[in-house]
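Chains A and B are the protein sequences, given in the same order. According to the numbering used here, numbering within the first sequence proceeds without interruption in unit steps and concludes at 503. According to the numbering used here, numbering within the second sequence proceeds without interruption in unit steps and concludes at 1404. All C-beta atoms in this analysis are idealised placements derived from N, C-alpha and C, irrespective of residue type, glycine included.
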Amino acid sequence: MTRQELIDQRMAGEAREAQLRLHTRRHFIRESAMGLGALAIGYMIGGCGNNSLPATTAVAFDPAHPLLPKSPPFAGKARSVIYLHMAGAPSQLELFDYKPELMKMDGQDCPPSLMEGKQFAFIRGVPKMLGPQAKFSRHGQSGSWVSENLPHFSTVVDEVSFLKAVTTDQFNHAPAQLLMHTGSPRLGRPSIGSWVTYGLGTDNQNLPGFVVLTSGGSFPDAGKSVWGSGFLPSVYQGVQCRSEGDPVLFINDPDGMSRNVRRASVDAINAANMQEYKEYNDPEILSRISQYEMAFRMQITAPEVMNINDEPSYIHEMYGTKPGEACFANNVLLARKLVEKGVRFVQLFDWGWDAHGDNASNSLNIGMINKYRSIDKPVTALLLDLKQRGLLEETLVVWGGEFGRTPMMENRNGAQNPFKGRDHHTDAFTIWMAGGGIKKGITYGETDEIGYYAIKGKVEAYDIQATILNQLGFNHETFTYPFQGRPFRLTDVAGKVINEIIA
Amino acid sequence: MIVGMIVLITCAVAFLRPSPVDFSSQVKPILNKKCITCHGGVRAKAGFSVLFREEALAATESGKPAIIPGDPGSSEMIRRITSNDEEERMPYKHEPLSHEEIKTLKRWIREGAKWGDHWAYLPVKQTAVPGIEDPWVKNDIDKYILQKLNGEKITPSSEAPKATLLRRVSLDLIGIYPSDSICRNYLQNNSGQSYEILVDSLLASPQFGERWTSMWLDLARYADTKGYESDGGRSIWQYRDWVIKAFNEDMPYDRFLTAQIAGDLLPGASGEDFIATAFHRNTMTNDEGGTDNEEFRVAAVTDRVNTTWEAIMGTTFSCVQCHSHPYDPFKHDEYYKFLAYFNNTRDEDIDEEFPVMRQFTDTMQRQLNDLSDWVSRHSSKERSQQIEWLIRTHQPAINSTTADSLVNAVIILNNHGLLLRNHSIARIRNMDLSGNDQFIWQFYSQRKGGKLTFRKDSIHGPVIAVYTIKPSANWQYGYTGFSTQQGVHDIYLSYENSLMPKGKYEDGMSFGWIAASVKLPGKGTKEYSKYHDVYRQLLEAPVPGTPIMLENPANLARKTQVFERGNFRTPGKEVTPAVPAALQYAMPENAPANRAGLAQWITSDKNPLVARTIVNRLWEQLFGTGIVETLEDMGTQGIAPTHQQLLDYLSYRLVHEYRWSLKSLLKEMVMSATYRQDSRLTDEIKEKDFFNRFYARGARVRLTAEQVRDQALQASGKLSVKMFGKPVMPWQPDGIWLSPYNDARWEKSTGEDQYRRAIYTYWKRSSPYPSMISFDGAQRNVCSARRIRTNTPLQALVTLNDSAYLDLSRQFAFRMKKVAGQDPAKQIATGYTLLLYRNMPAAKLELFLELYDKALKDFRNDKDRTCEMTGLLDENNNPQTAALVVVANAMLNLDEVIMKN
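Here it is in structure tokens:
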């Protein structure tokens, strides 16, 4: 489907929804006016055009059409987000944060000052310092530092804003991933993709608004909670798409059922449910009707978009795909296709970045080299491909992990690890963003000379979240949801938009 | 008369002067909502916290207190909430407080800023039932409900139609319909008693236990696997069966909890009591190589603490693990005092999940009883119990994963037993040898010439036994006798093998566990060799075991320390078992400081949380929402109860009048007029009580994941009523299980096991049965106090397309044909009645006939499709049946079928 067709289809869909709405207008007006209890109010259907921002921007939530596209409170530059999360936390010191001084300390005992009052996941006693395990050089007009581990990516650095001084306060994977994606290290809060689809709906009613793709052989440590909807209605949770079997579970009609018969059966179900609605007067029934409509449409669209075989060979070459595998390259290509089709938020998790060095596959010089190779081409291709399609300006791409790695070599339980590795590090790591109204070729933030502490332009998970929401047209402080007697927001009580990287 | 006078006078005074502000109901909600996020517990901005009174009145960072009791005018707090300066005014950058709220706070300070306890932490008191008379009222519950409705000027609904009520109360009490005859009796009997007769038969039904166990298993985080990344299998279904039986027998709830918390410590504990303790063995076990067993043992123990609070006491206690509770009166070290109750159990996060209750067949159990009698006759009762216990549990086994002082020996991947090489030494610490004269141990070795020496107290200590290893391709049991010993000793094992080739890393033997015990007595008697054979057969029988809780004996006791910031690697001061000071008042005098004592505290009639939590939970199951909506949190951050008096009334009644009988409590709830109301939304209700918080109508909620499946099974006529036993594996799509670290496979069940109730479906934590999760089933990694109901297109895809549902649609269609004959209209109308016990409205019948005709046309043109839709090349392989399958599939997707009306 071309973009024009997509827009046409959206128009048609909206017209249809409008008709259904007209049909039950009485119900609707009442629901909206009473705010569906705790949920709705704020800017209403069609928008109120008010210029002054209210203290709390609640979102019109319509349980019968929960994913209809909505406009944000102010014009955002980005329409959609692709978030590439390297689960396990990649080493900034082997990719972006060049520290020649650290090289000079390689092999020396770690100075006690660095250890005082610190707690690490595995380091015990006195570890040795570990110099950068890669050569670095400057690239592009911007002169951004990138190591030899990402030769392709170094050609597109002029599209990117690097955040070199990201920090967190969680030193274990699951809580740190949860903090990064839900704003809380504990279970139970909605993920950023859920917030975004709750606030904006999605452009294509025939696909889920929030899609999750995983690679690397395992889910992220925090499991499915990192794309959960927490206390938001669960229609906003990430839908995991699979590369084997049905792309979305149970998406295919049973054997023997033609599309015509399925259409007729959904029509019968919905018509009978409409009769029931007239009797029971419960809007939940209208919601079920719209869910069945959406399920029907999703059955056509999802398998189409999840099939990458139709892409031309130069695209496959560009991304380095491996047909038939659940690999990162395939997922990145899928992410591009999904965003192109109007999916609001695409979340990728690639597992296997936990470079401790207690075995070969997670060592900096063996296992990680393979990981770097597995992302270098696809990530580069994504930026170039989005750009050539004119989509980069409206698609925000975020790349990062849940924390960084120590400048010290890990000594698990006080003993030397067999391979070179680094422990979890909360005080400095790198995340980059591109597209979606982010400045090009910028480096913001700085760490000390060994990459241990963030010293300038320090940002945290909440600031990243605030910035993503800002690019989509939301003020993170007023974008709230009432739960347990108080308004909750993604950024809790923190967060500051990183204006320095906004174009 | 005098009493009356006093009451009158008090009333008069009360009229003249407004009663003082009530902290809990008037002030605390304001503080919680507007202040405590920044000024409470861990977050005390500007040094001001409103969590405890002593904190609220203490000097802040400015050096002055922010609240001055009796003097609102000088209280900084009042100045700041009323300030006009945006930078000063609190809550900072948020909506200012309302005039009412400010007035309340001022008055509260003027009256002395008195503190009060949160309602849920105060004992349940008997409440006076509202004196309301109304023909609508059927029992006391209705009086509480009607009082509020009157206050809100909302009219309650009349009773729901009989068919609606039949389906509602059946789903609620047993999860499915009862037998057809019970249903018809109810529908046809128009006497006043018909409903009560129905309710009584549902309460007596064996399916009752299955339905309520579904609820309990979310709380118990029951699963058939161990969790974490490798997520291997676990055989713990006997616990599930115990819960089903307990609900069916209406085991008093206090007894039900006691058995699960401390069944092993009860005097004269039965086998069932031990199985009940598996409640807290549903914690996850980490099999992954290289993990620190102690780390994950601690994780399991903290989970037991958190689950005990969340499931049984509706309190989120887990935040106290890292710091004092930000909102509720629980201090950091109190978490660890509570944890100390659970910290001394025998389990150690090892693969085999010891200790276990070995699963014996009836024959084995009979043999064991016989052996036990024989031992008593030839020795003592005590000795026979010791041997019986050894055979059923292998206790007092010590896991060799805890061996230390290793020389030329290793613990395989921290987890998988002890590996002894040639000339190796390993120490087993603290074995109690008192009165014992035999080691029993498990080993594996394929090498000739091996010899294992057991020394006492040191590497060079006295040799108490030597064992010559016979090689075998299987694990073996070693029995090593020695002269009777006394006291607790370290045992040093050394392995020597003169035939072994040189080379340091040649493996000699693997060592599993070791237990010190007594030899079988009666040697020399005629029957000795027969009983010795039985003894060994039973001891060595390769049967699975149900993980249970057992307290460590004194020689293995652990101490408990506070973990700074919740991290087990930074232990602080030592603590002993205790409940939080704020709730200490419910602890019976002389209760022991162990889990048995804890169980006494939990089930004490003074415990303010336990009865309220279960009442609230049962209410939520029937009415869709709890009286306290946040089932997981009745604390200050939970949502306030809509009908606190009613909650207390029912809680008091449960404990004092029903003696903890849950069936009695459920009966009172379902007999109420409140429960029996029609669920249609009138315009009035829609406007005044859209969310049904005042209960002016019946609950209208979606079926649970289990009910959706069970209903389709029942409609299809295939539902198996087989109860209990190993979990089953009905159809699921390929590729759902991703088990990188073990070769577990989904092996589809056959015969009636494909059609068992959902509660028997195998539950793999990392990959639960997909349709269960689509319909909001819990993951069951940790306790899940509440399922949030959703409505998504993915649910529609399950009931439309999942092959399991298509199979049931087929069976449903075949059943319609069988019951109704050849006329499609009759078939469809029959199907509708089978599902809903009422006649199909003509307009709906018309819709489905139309669907039938369209489908029929399609199938008439396509033989292959017909065959695919009907499934088999049998008498059903015709276009008519295929069309009926399409209709059956659609009917299982109707809103009124997916919902409880």
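DSSP state of residue i mapped onto helix, strand, coil
| i | result |
| --- | --- |
| P487/A | strand |
| K420/A | coil |
| T197/A | helix |
| L22/A | Low per-residue confidence applies at L22/A: pLDDT is 38, beneath 50, and the placement is therefore not dependable, though the value from the model is reported in the following sentence. Of the three classes helix, strand and coil, the one that applies to L22/A here is helix, per DSSP. |
| T761/B | helix |
| I45/A | With a pLDDT of 26 at I45/A, under the threshold of 50, the modelled position of this residue cannot be trusted, and the question is left open. |
| V211/A | strand |
| L163/A | strand |
| E1255/B | helix |
| F841/B | helix |
| P523/B | coil |
| Q1124/B | helix |
| N1294/B | coil |
| T478/A | coil |
| Y970/B | strand |
| N1404/B | coil |
| N925/B | strand |
| R242/A | coil |
| Y1263/B | helix |
From the options, residue whose alpha carbon lies closest to that of residue i
| i | options | result |
| --- | --- | --- |
| Y1335/B | A1281/B, G766/B, V1390/B and W719/B | V1390/B |
| D836/B | A561/B, A1081/B and E856/B | A1081/B |
| K1414/B | R1313/B, Q1330/B and Q1314/B | No statement about residue 1414/B is possible, as the shown extent of chain B runs from 504 to 1404 and does not include it. |
| G1069/B | V627/B, L1125/B, Y839/B and T667/B | Y839/B |
| A1405/B | K1360/B, N1364/B, W1266/B and S1219/B | The question about residue 1405/B has no answer here: the residues shown for chain B are numbered 504 through 1404. |
| T214/A | L333/A, A271/A, P175/A and M257/A | L333/A |
| S1154/B | E614/B, D620/B, R610/B and V627/B | V627/B |
| D757/B | I648/B, Y1263/B and L1112/B | L1112/B |
| R1203/B | R242/A, F136/A, N270/A and P283/A | P283/A |
Proximity of residue i and residue j at Cβ, strictly below 9 Å
| i | j | result |
| --- | --- | --- |
| S191/A | G223/A | no |
| G508/A | K420/A | Because chain A here runs from 1 to 503, residue 508/A falls outside it and cannot be looked at. |
| S509/A | A134/A | Since the first and last residues shown for chain A are 1 and 503, residue 509/A lies out of range. |
| L1157/B | I1117/B | yes |
| D831/B | Q1140/B | yes |
| R531/A | L1303/B | Lying outside 1 to 503, the shown extent of chain A, residue 531/A is not represented and no answer is given. |
| F841/B | V808/B | yes |
| R930/B | L996/B | yes |
| I464/A | M86/A | no |
| V1388/B | R1318/B | no |
Residue i: contacting residues in chain B (beta-carbon distance under 7 Å)
| i | result |
| --- | --- |
| D282/A | L1184 and R1203 |
| A503/A | The contacting residues do not exist; A503/A stays about 28 Å from chain B at best. |
Residue i: contacting residues in chain A (beta-carbon distance under 9 Å)
| i | result |
| --- | --- |
| R1368/B | D255, G256, M257, S258 and V261 |
Proximal residues of chain A, C-beta to C-beta of residue i below 8 Å
| i | result |
| --- | --- |
| S1306/B | P254 |
Cross-chain neighbours of residue i in chain A, by beta carbon under 7 Å
| i | result |
| --- | --- |
| P1473/B | Only positions 504 to 1404 of chain B appear in this structure, which leaves residue 1473/B out of reach. |
Per-residue contacts from residue i into chain B (C-beta, under 8 Å)
| i | result |
| --- | --- |
| D246/A | P1236 |
| N470/A | Those do not exist, as N470/A stays about 17 Å from chain B at its closest Cβ, beyond 8 Å. |
Within chain B, the residues that residue i reaches when beta carbons sit closer than 9 Å
| i | result |
| --- | --- |
| P323/A | Within chain B, no residue comes near P323/A; the closest Cβ sits about 17 Å away, beyond 9 Å. |
**Report entry** Segments of 3+ residues assigned as beta strand (DSSP E) that fall wholly inside the stretch 1151-1236 of chain B
**Finding:** Correct list: empty.
**Report entry** 4-residue-minimum alpha helix (DSSP H) runs that sit fully inside the stretch 981-1048 of chain B, ordered along the chain
**Finding:** With a minimum length of 4 residues, the continuous alpha helix (DSSP H) runs that stay inside the stretch 981-1048 of chain B are 1031-1043.
**Report entry** Every unbroken beta strand (DSSP E) inside the stretch 312-382 of chain A [3 residues or more]
**Finding:** Listed in chain order, the complete beta strand (DSSP E) runs (minimum 3 residues) inside the stretch 312-382 of chain A are 345-351.
Query raised in the report: Of all the alpha helix (DSSP H) runs that stay within the bounds of the stretch 579-622 of chain B, which reach a length of 4 or more residues?
Result: Every alpha helix (DSSP H) of 4 residues or more that sits fully in the stretch 579-622 of chain B is shown, in chain order, as 579-585 and 602-613.
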